[in-house]
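Notes follow the structure.
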Amino acid sequence: MITIRHDGCILCVGCSSVCPVNAIELVGTRMEHFPAKCIDCGLCVKGCPANVITLFKGVKSSKDLPVNAKYG
Ligand code: SF4
Ligand code: SF4
-12 MITIRHDGCI LCVGCSSVCP VNAIELVGTR MEHFPAKCID CGLCVKGCPA
38 NVITLFKGVK SSKDLPVNAK YG
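The sequence shown begins at -12 in my numbering and counts up one residue at a time.
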């Protein structure tokens, strides 16, 4: 799964465009991630112009993120 630092996101929807499994979508006024769909490909990380996406390979739920990982 990935995390998105929302306070730096410019809502360009680039991540949503490159995600092959529709695991990121614009919902209202913020990008939402759906970890159950994510295949950890990292394309969204490379495609984010604001560098606000972090990939946590093998993590399937926000409750399993490292304690210092930002997730919102
Ligand atoms: S890591 Fe890949 S599958 Fe997961 S949200 Fe990013 S682009 Fe989509
Ligand atoms: S690519 Fe980065 S800046 Fe653009 S919407 Fe996604 S998280 Fe936000």
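C-beta: ideal position from N, C-alpha, C; glycine also. Because the structure is a prediction, the values reported are computed rather than measured.
C-alpha gap between residue i and residue j, whole angstroms
{"i": "residue 42", "j": "residue 11", "result": "13 Å"}
{"i": "residue 37", "j": "residue 51", "result": "25 Å"}
{"i": "residue 53", "j": "residue -10", "result": "11 Å"}
{"i": "residue 18", "j": "residue -1", "result": "9 Å"}
{"i": "residue -7", "j": "residue 9", "result": "18 Å"}
Selection from the options that minimises the alpha carbon distance to residue i
{"i": "residue 26", "options": "53, 44, 2, -10", "result": "44"}
{"i": "residue -3", "options": "16, 23, 9, 24", "result": "16"}
{"i": "residue 22", "options": "2, 34, 6, 48", "result": "48"}
{"i": "residue 24", "options": "34, 46, 56, 33", "result": "46"}
{"i": "residue 7", "options": "56, 31, 55", "result": "31"}
Burial state of residue i, where buried means 16 or more other Cβ atoms lie within 10 Å
{"i": "residue 39", "result": "buried"}
{"i": "residue -5", "result": "exposed"}
{"i": "residue 29", "result": "exposed"}
Cβ shell of residue i (< 7 Å), same chain only, five flanking positions each side left out
{"i": "residue 1", "result": "34, 35, 36"}
Cβ neighbours of residue i in the same chain (closer than 8 Å, five flanking residues each side left out)
{"i": "residue 4", "result": "34"}
{"i": "residue 107", "result": "A question about residue 107 goes unanswered here, because the residues of the chain that appear run from -12 up to 59."}
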